[in-house]
Amino acid sequence: MLDITRLPLQDGTVRLRPLTRADAAAYAEGTTDPAVRARAHLPEAEYTPESVAAMADGVVREGLQRGDLAVLTIADAGTDEFAGSLVIFDVSQDEAEVGFWLHPRSRGRGVAGSALQLSARFATASGLHALTARTVPDNTAAQAVLSRAGFVETGRGRGTTPSGQDVEMVHYRRDLRATTTLDWSVTWHAGHPSPAHDPAPKIQTHWVADDLVVLRQNKSVHFEAPFMFLILGRSRALLIDTGATADPEDFPLRQVVDELIDSWWSGDVPHAHELLVAHTHGHGDHRAADGQFADRPRTTVVGHSLPEVLAHYGFGDWPATPRQLDLGERVLDVIPAPGHHPSATAFYDRRTGLLLTGDSLYPGRLYVEDWEAFVASVDRLVTWSQEHPISYAVGCHIELSAAGQEYPMGTTHHPDEPPLQMPASALTELQTAVREIDGQQGRHAFDRFRVWHLL
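Quick note: the sequence shown uses the numbering used here, first residue 276, plus one each step.
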């Protein structure tokens, strides 16, 4: 059943909320548009402000109370003005169907795609496992919106529309659970007792999925040994963080990344696809090798300061609302996460369900620069994990042993590390921990991590 306590939901474009009497005039006006009449297949032949108001007071309210029908308004995020309608219906224990239409004045601004993403969040938070959708074969605009929102065509066949017509339908489905198989069968190289004699490569790579690589800098090169992430889409790749060493002789990051990209896009012209170099935050051990990509063709390096991060992703209400990052048939969400650093962000990969938490959560020392911002960021990530399927939370360091003991700062050999990936429950453990600490200065030890709140 649908959980109405999860509404409203909002991103930077739209607000998804129940239809109200205040929407009646705009709703009725929108249904007179020829495209809406032809494509939306609405149950009623005609809508008036009075009939819409009665619908809001009756079937809309009753459906939400039962939890089996949600007639929702797609509203402008800034003005709350009616922009369209989204309906979730035929709700079962595991899935439901979604349909939508837009007021003519709201088309061409990404409104429908944003509304569908919010509907997926709502469905996930309500415990559903999938959303389905249908459209007629010649409605190519709706098909494109559904595809961009993660819906996959599952077949075609005749069906009955909400208006009662028997027509040919294209069927779509979006699985709300992460479906990509992840391979974490890796032992991360954790340095050498004598760094100068370490025979291991300077960068270790592991394909966690067939389109996602985790890289680790050898501790013998730099004691921080940060992890980095290369995520591959249809049209461009994303490299998250560039490690702790600038010199390509000591740390050949660009060479390794180029080889990985070229092997994935085998047969294409080398470096023909775009590369975006981004960061979880601006500390030096996460951006030192940015310069190696400065002259790389078709490459954008996102700055690490807060103004540069805000400008690149288009954050207008930092740190309230995440932004989307499209790699070509692969969308990530960029989630504000300041506290450890002013410009810190987390990245959520919808395909794998991985939540890349940067230095906000990992099996080690979590350094807090701004306590209030850190607590708010932890709350934001916990809320995200409750509304989206999380396979693992993955940070950028390992600083504890498998037994939960801290390795001394600056050591270049960690002989018995735990896995890098952490369960989603570690986020709620961190939330409980920061509530317990309540802003107290000092070093605070917990099973999976340490929280260091120092001046």
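The beta carbon of each residue, even a glycine, is placed where N, CA and C say it ideally should be.
In whole angstroms, what separates the C-alpha of residue i from that of residue j?
i      : j      : result
VAL544 : ASP624 : The predicted model places VAL544 with a pLDDT of 48, which falls under 50 and marks its position as unreliable; any figure quoted below should be read in that light. Approximately 27 Å between the Cα atoms of the pair.
ARG423 : ALA484 : 21 Å
VAL576 : ALA300 : 47 Å
ASP516 : TRP593 : 21 Å
GLU499 : TRP482 : 22 Å
TRP376 : THR596 : 24 Å
VAL362 : LEU284 : 14 Å
VAL489 : HIS554 : 14 Å
GLU704 : PRO683 : 24 Å
THR686 : GLU370 : 50 Å
GLU524 : HIS497 : 13 Å
GLY425 : HIS672 : 31 Å
TRP540 : ALA569 : 22 Å
PRO474 : LEU277 : 56 Å
PRO309 : VAL442 : 19 Å
TRP659 : PHE397 : 11 Å
LEU421 : GLY439 : 23 Å
GLY639 : GLU372 : 43 Å
LEU656 : GLU662 : 10 Å
GLU549 : THR480 : 21 Å
SER394 : GLY287 : 15 Å
ARG562 : ARG710 : 31 Å
ARG605 : ARG509 : 7 Å
Looking at C-alpha atoms only, which residue of the options is the closest neighbour of residue i?
i      : options                           : result
ALA612 : ALA390, VAL584, ALA329 and ARG380 : VAL584
GLN716 : ASP645, HIS688 and PRO523         : ASP645
ASP450 : PRO468, VAL427, SER469 and GLY466 : VAL427
PRO476 : TRP463, ASP486 and ASN493         : ASN493
ALA320 : SER700, THR306, ARG655 and GLN599 : THR306
ALA701 : ALA648, HIS688, ASP713 and LEU631 : LEU631
VAL532 : GLU604, ASP486 and ASP560         : ASP486
PRO468 : LEU730, LEU656 and HIS688         : HIS688
GLY603 : GLY591, ASP537, ILE506 and ALA521 : ILE506
PRO582 : GLN599, PRO617 and ARG336         : PRO617
VAL726 : PRO690, VAL650, PRO694 and ALA668 : VAL650
Would you mind sorting residue i into buried or exposed? The rule is 16 or more other CB atoms within 10 Å of its CB.
i      : result
ALA619 : buried
THR435 : exposed
LEU294 : buried
ARG431 : exposed
GLN392 : buried
Quick check: does the Cβ of residue i come within less than 7 Å of any heavy atom belonging to the ligand COA?
i      : result
TRP646 : As presented, the structure is devoid of all ligands, the ligand COA included, so that no description of it is given.
Which same chain residues, not among the five before or five after residue i, have their C-beta less than 6 Å away from its C-beta?
i      : result
GLY628 : ALA453, PRO664, ILE665 and SER666
TRP459 : GLN696
ARG314 : ASN414
TYR447 : ALA408, LEU421, PHE426 and GLU428
SER401 : LEU277 and ASP278
By Cβ distance, which residues of its chain are closer than 8 Å to residue i, with the 5 residues on each side in sequence left out?
i      : result
GLY559 : ALA519
So, for residue i: in the same chain, excluding its five sequence neighbours on each side, which residues have a beta-carbon less than 7 Å away from its beta-carbon?
i      : result
LEU528 : ILE478, THR517, GLY518, ALA564 and GLN567
GLU692 : TRP463, ALA465, ILE673, SER676 and ALA677
ARG723 : PRO638, MET697, ALA701 and GLU704
VAL335 : PRO293, LEU294 and VAL346
Query raised in the report: Touching or not, the stretch 379-396 and the stretch 349-367, by the rule of three or more beta carbon pairs under 8 Å?
Result: Yes: the two stretches touch, three or more of their Cβ pairs being nearer than 8 Å.
Query raised in the report: How about the stretch 405-420 and the stretch 337-349: do they share at least three Cβ pairs that are nearer than 8 Å?
Result: Proximity of the stretch 405-420 to the stretch 337-349 falls short of the contact definition, fewer than three beta-carbon pairs being nearer than 8 Å.
Query raised in the report: Pairing CB atoms from the stretch 597-611 with CB atoms from the stretch 672-681, are three or more of them under 8 Å?
Result: Too few Cβ pairs lie closer than 8 Å, so no.
Query raised in the report: Are at least three pairs of beta-carbons, each pair with one atom in the stretch 318-338 and one in the stretch 386-404, less than 8 Å apart?
Result: With a cut-off of 8 Å on Cβ pairs, the stretch 318-338 is not in contact with the stretch 386-404, counting fewer than three such pairs.
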